[in-house]
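Structure first, commentary second.
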Amino acid sequence: MPPKMDILRQHIRLMLDEGIIQPSTSPYSSPIFLVPKGQDGFRPVIDYRALNKKIKIESVPLPDIHSCFHWFKTAKVFTSLDLNSAYHQIGLTDRSKPLTAFATDWNLYEYTRVPFGLATGAQVLTRLLDKVFSDLKFNFVFHYLDDLVVYSDSFEEHVLHLREVFLRLRNAGLTVNPAKVRFATPHLSFLGHIVGPSGISVDPSRTDAIRRFPPPRDVKGVARFIGMVNFFHKFIPHFAERAAPLNLLRKKDVKFQWGPDQIRAFQDLKLAITNPPVLRTADFSRRFTLQTDASSVAVAAVLLQQFDGELQPIAYASRTLSHPERKFSTYELECLAVLFGLEKFRPYLEHLEFDLQTDNQALTWCLSHPRQLGRIGRWVVRLSSFKFNVQHIRGTQNVIADALSRMYDPSAENPVCSLLLDFPVLFEDIATHQRKDPEICPIMDQLSLGQEVPGYSLLRSVLYCKARFDGRPKIVIPQALIPALFSYFHDSPCGGHLGVRKTLWKIRQSFIWKGMDADISARVRACKLCGLSKPAQNARYGMLASDVATRPLEKLFVDFVGKFPRSKAGNTYALVCVDAFTKFVWIFPVREASTATTIRVLLNIFSTFGIPEVLVSDNATQFTSRNFRNFCFARGIRHVTTTPYYPQPSHAERFNRNLRAALIAYHHQDHSRWDENLSWLQFAFNSARHESHKTTPFSLMFSFTPNSPLSNLWSIKELLPETPDFRSIQERWEAARRNLRLAHAAVRRTYDRGRQPPPFHVGSRVWLKNYPLSKASQHVAAKLCPRYRGNFTVVKFTSPVFVQLTDSDGGSRIRAHVSQLKAA
65 MPPKMDILRQ HIRLMLDEGI IQPSTSPYSS PIFLVPKGQD GFRPVIDYRA
115 LNKKIKIESV PLPDIHSCFH WFKTAKVFTS LDLNSAYHQI GLTDRSKPLT
165 AFATDWNLYE YTRVPFGLAT GAQVLTRLLD KVFSDLKFNF VFHYLDDLVV
215 YSDSFEEHVL HLREVFLRLR NAGLTVNPAK VRFATPHLSF LGHIVGPSGI
265 SVDPSRTDAI RRFPPPRDVK GVARFIGMVN FFHKFIPHFA ERAAPLNLLR
315 KKDVKFQWGP DQIRAFQDLK LAITNPPVLR TADFSRRFTL QTDASSVAVA
365 AVLLQQFDGE LQPIAYASRT LSHPERKFST YELECLAVLF GLEKFRPYLE
415 HLEFDLQTDN QALTWCLSHP RQLGRIGRWV VRLSSFKFNV QHIRGTQNVI
465 ADALSRMYDP SAENPVCSLL LDFPVLFEDI ATHQRKDPEI CPIMDQLSLG
515 QEVPGYSLLR SVLYCKARFD GRPKIVIPQA LIPALFSYFH DSPCGGHLGV
565 RKTLWKIRQS FIWKGMDADI SARVRACKLC GLSKPAQNAR YGMLASDVAT
615 RPLEKLFVDF VGKFPRSKAG NTYALVCVDA FTKFVWIFPV REASTATTIR
665 VLLNIFSTFG IPEVLVSDNA TQFTSRNFRN FCFARGIRHV TTTPYYPQPS
715 HAERFNRNLR AALIAYHHQD HSRWDENLSW LQFAFNSARH ESHKTTPFSL
765 MFSFTPNSPL SNLWSIKELL PETPDFRSIQ ERWEAARRNL RLAHAAVRRT
815 YDRGRQPPPF HVGSRVWLKN YPLSKASQHV AAKLCPRYRG NFTVVKFTSP
865 VFVQLTDSDG GSRIRAHVSQ LKAA
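Numbers given in my numbering equal positions in the sequence shown, counted from 1, plus 64.
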């Protein structure tokens with residue numbers, strides 16, 4: 065028996081023994097499942113959302129907290145009681161029992177007592193306790209939901225009061241949880257306050273998150289803290305003067321220095337927002353507002369209410385994420401923050417409807433479609449007993465929860481600096497590296513003394529050597545620097561783990577060392593990640609029947625790559641666009657492969673680069689939908705789709721192999737971060753020479769060479785000024801066309817070697833290659849399905865290698881490549 069089913073059977077058996085449930089023949093049914101319960105295993109939860117929508121919630125007046133604190137003032141002895149599974153102690157009518165039915169794999173059951181998860185449970189419990197303690201309430205008893213407080217002026221009086229309370233509970237058939245009873249204590253924590261003989265004070269747990277807020281370490285941290293405190297500036301006297309030492313650090317050209325004035329201001333403002341008049345006591349006659357937020361390291365929530373038209377805090381809360389939780393997606397973290405806030409402030413929120421505010425707009429969808437979201441779906445059902453209205457707010461309005469969730473964050477790194485920080489040796493000046501090399505240093509000394517060394521020159525204290533392959537001087541690289549330089553141009557995201565020729569060409573543009581070609585070739589071939597990531601090369605794809613593009617954006621290829629694991633940014637796909645002429649690529653991480661997403665990304669490209677004449681895609685629904693066809697038609701774009709199950713004609717498909725290899729190389733250990741280096745990988749491919757047109761896609765598209773982090777750091781363009789290219793754009797395009805035609809002819813010779821024209825003609829009877837899918841539910845395995853299906857008739861040749869087929873019934877036409885056919 066599966067472990068979870070055995071656990072569920074144990075829970076069902078226990079509830080049957082206690083008479084909480086009974087077998088049912090109800091026509092209704094709600095789903096049940098198990099959710100983790102901390103370190104105590106699992107507990108059953110029933111999804112009563114459909115039932116809760118039909119329940120009419122009665123208005124039951126809740127106790128006035130201010131009144132209870134008024135009566136507590138004279139008390140010196142307190143006892144707190146917690147009802148044991150309070151809802152399960154309230155019986156249901158025979159009419160109500162069938163409505164609570166739930167289904168397991170082996171039977172249908174219904175509750176005989178009020179189940180947890182019903183939206184009306186809090187009101188029913190309050191009404192029952194009001195009836196039991198109607199004449200004792202505010203005399204020496206106060207109750208809020210399942211919590212009871214007995215308070216007295218003396219111990220002797222307290223014993224009498226307890227005897228009366230227990231008698232009432234026994235007569236009502238109610239029991240208390242002995243593990244949660246606190247007898248005759250002088251101080252008691254109740255609803256966010258500490259009550260005792262000396263008076264009433266704020267419970268430290270309400271403001272613990274603020275008190276633990278660490279001092280800012282940089283200007284960004286100061287801005288985050290000021291933003292949080294500024295939310296309540298109307299209630300803080302002389303706010304501007306008190307915050308002045310902190311705001312001073314935010315000014316331009318002011319060095320960040322955390323001194324005594326800043327410490328005093330920081331502590332003063334923290335104290336201000338954790339005490340009255342900013343911090344308020346909960347008023348249960350007013351509507352609550354819960355704001356939540358999540359970062360990569362913590363979740364946070366703040367409970368607020370409106371007083372005089374302004375939101376003021378009731379309590380703050382935050383906690384760090386566990387190691388497994390830090391792997392959650394953005395949606396899951398935001399929903400986890402909501403779950404944390406609701407369960408943290410459950411006593412305040414479970415009685416009436418409240419506002420749930422978050423700056424994550426997708427959360428509303430998550431709460432409406434829980435079944436599509438796995439873990440989020442289970443969390444949403446746990447919250448189904450709450451009544452709340454989800455509101456999306458801007459990040460600028462969610463500054464409190466945002467600051468609390470990010471107060472544990474380490475300082476963010478600049479992405480360019482983080483790339484160079486992988487190679488700290490590169491921060492030392494190139495001339496310093498050359499002086500340390502035992503072979504290079506003597507040559508530099510000779511040149512410094514005015515002696516000539518054939519092929520070498522010294523300029524700005526940097527040694528150059530004339531390269532044989534283009535006759536231009538290059539910077540001489542010492543042996544100690546070769547591994548780091550190779551890693552930068554090959555292993556880093558700026559290098560892209562490209563092949564021998566592309567990596568060699570990149571390094572050749574600026575640098576040289578003895579045996580460079582053989583060294584780079586050996587290092588690339590020895591790269592383990594390349595070997596693990598890249599597929600084996602195979603040029604035998606069938607007869608070549610493609611043409612050559614003649615100008616940029618004449619033809620654009622588009623395709624989706626994925627589905628990948630959901631990243632921290634919520635992305636699961638990458639949309640790839642490749643220009644047929646320049647081979648320039650665009651890579652966009654997206655959250656879903658839909659028509660709307662495709663149109664949004666393409667509009668981004670078109671608005672910057674222009675509209676292509678022809679757009680080539682596969683036959684995925686996002687490209688064949690009516691909206692996408694209308695999108696292309698409205699812009700004068702001729703949309704062409706490739707043959708089903710034959711993606712080879714698409715340049716985007718060929719590029720996807722290289723992209724997948726790069727993603728494997730960089731993210732094989734952490735698949736949730738696959739989209740973090742896409743911009744650098746795009747730069748790596750576009751700045752590498754393409755073998756077809758013998759130049760880089762970037763320079764052919766924009767007519768200049770791009771900068772890179774290292775070229776900026778070492779001022780490579782000043783050390784190696786580029787030779788001016790006086791050719792016109794048309795002349796450059798014509799040179800690229802010649803190279804493309806030569807490359808196309810070479811590819812054609814390779815592809816067509818040993819091949820024959822297809823033996824089919826119009827009217828030929830053929831079988832079509834089958835592409836089945838495995839279906840476990842139907843016990844179908846793709847490996848055991850027929851390899852061909854049919855039979856079909858060739859009705860038209862659209863090119864030497866592409867045909868149109870029709871089945872024996874003369875139905876709809878199918879496009880196919882001749883390699884997919886077999887004579888019938």
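Don't be surprised by glycine CBs; every beta carbon is placed ideally from N, CA and C.
Values in this document were obtained by computation on a predicted structure and should not be read as measured data.
>> Can you list, in chain order, the residues of its chain with a C-beta nearer than 6 Å to that of threonine 356? Leave out the 5 residues immediately preceding and following it.
In response: Ala365, Ala401, Val402, Gly405, Thr422, Ala465
> The beta strand (DSSP E) spanning proline 377 covers which residue range?
Replying inline: 374-384
>> Just to confirm the assignment, what range does the alpha helix (DSSP H) spanning proline 773 have?
In response: 773-778
> From phenylalanine 320 to valine 283, what distance separates their C-alpha atoms?
Replying inline: 7 Å
> If you compare alpha carbons, which of Arg328, Gly323, Arg524, Phe204 is closest to arginine 227?
Replying inline: Phe204
>> For proline 761, count the other beta carbons within 10 Å of its own beta carbon; 16 or more makes it buried, fewer makes it exposed. Which is it?
In response: buried
> Which same chain residues, not among the five before or five after histidine 75, have their C-beta less than 7 Å away from its C-beta?
Replying inline: Pro108
>> Less than 9 Å between the beta carbons of phenylalanine 719 and valine 649, yes or no?
In response: yes
> At a cut-off of 8 Å, is serine 269 close to the ligand ATP when judged by its beta-carbon and the heavy atoms of the ligand?
Replying inline: Judged by which ligands are present, the structure shown has none, so any question about the ligand ATP falls away.
> If you run the structure through DSSP and keep just helix, strand and coil, what is glycine 514?
Replying inline: coil
> Is leucine 437 helix, strand or coil when you go by DSSP?
Replying inline: A caution first: leucine 437 carries a pLDDT of 47, below 50, which makes its placement in the model unreliable, though a value can still be read off. The answer is coil: DSSP assigns leucine 437 none of H, G, I, E or B.
>> I'd like to check one pair, leucine 869 with leucine 832: are the Cβ atoms closer than 9 Å?
In response: yes
>> Please give me, in chain order, every unbroken run of the beta strand (DSSP E) with length at least 3 that falls completely inside the region 220-295.
In response: 246-249, 252-254, 257-260, 263-266
> Skipping 5 residues on each side, what residues in its chain have a beta carbon closer than 7 Å to that of glutamine 510?
Replying inline: Val517
> Helix, strand or coil: how does DSSP classify histidine 297 here?
Replying inline: helix
>> The beta strand (DSSP E) that contains glutamate 82, what's its start and end?
In response: Here glutamate 82 belongs to no beta strand (DSSP E), and DSSP marks it neither H nor E.
> Among the residues of its own chain, which have a CB less than 7 Å from the CB of valine 588, if the five just before and after it don't count?
Replying inline: His554, Gly563, Val564, Thr567, Cys594
> Helix, strand or coil for arginine 690 per DSSP?
Replying inline: helix
> For the alpha helix (DSSP H) that contains proline 761, what are its first and last residues?
Replying inline: 761-766
> For tyrosine 323, which three-state DSSP category applies?
Replying inline: Going by the sequence as given, residue 323 is glycine instead of tyrosine. Residue state, collapsed to three classes: coil.
>> If the criterion is Cβ atoms closer than 9 Å, does the pair threonine 249 and asparagine 148 meet it?
In response: no
> Candidates Thr672, Lys632, Val865: which alpha carbon is nearest proline 653's?
Replying inline: Lys632
>> Suppose only complete runs of 4+ residues qualify. What are the alpha helix (DSSP H) ranges in the region 828-866, listed by chain order?
In response: none
>> Taking the straight line between their C-alpha atoms, what separation do you get for alanine 726 and tryptophan 443?
In response: 36 Å
> proline 624 to threonine 685, Cα distance in whole Å?
Replying inline: Checking the displayed sequence, the identity of residue 624 turns out to be phenylalanine instead of proline. Roughly 12 Å between the two C-alpha positions.
>> I believe alanine 748 touches glycine 626 by the beta-carbon criterion, under 8 Å. Please report the beta-carbon distance rounded to the nearest angstrom.
In response: The pair is not a contact, with the Cβ atoms about 20 Å apart (cut-off 8 Å).
> Can you tell me whether DSSP reads tyrosine 92 as helix, strand or coil?
Replying inline: coil
> First and last residue of the beta strand (DSSP E) that includes proline 650?
Replying inline: Just to set this straight, residue 650 is tryptophan in the shown sequence, not proline. Start and end: 649-654.
>> With distance defined between alpha-carbon atoms, name the residue in Gly291, Thr862, Leu163 nearest to glutamine 461.
In response: Gly291
> Does the Cβ-Cβ distance between arginine 383 and glutamine 369 come in under 9 Å?
Replying inline: no
> asparagine 453 bridges to which residues according to DSSP?
Replying inline: Asp419
> With DSSP run on the structure shown, which of helix, strand or coil describes arginine 702?
Replying inline: strand
>> Assuming the contact rule is C-beta atoms closer than 8 Å, threonine 759 and glutamate 786 should be a hit. Round their C-beta distance to whole Å, please.
In response: Contact flag wrong, Cβ pair sits at about 13 Å.
> Count the other CB atoms within 10 Å of the CB of aspartate 111; is the residue buried (16 or more) or exposed (fewer)?
Replying inline: buried
> Which residue from Glu374, Arg410, Asp317, Gly237 puts its Cα closest to that of phenylalanine 296?
Replying inline: Glu374
> Exposed or buried, glycine 827, counting other C-beta atoms within 10 Å across all chains shown (16 or more means buried)?
Replying inline: exposed
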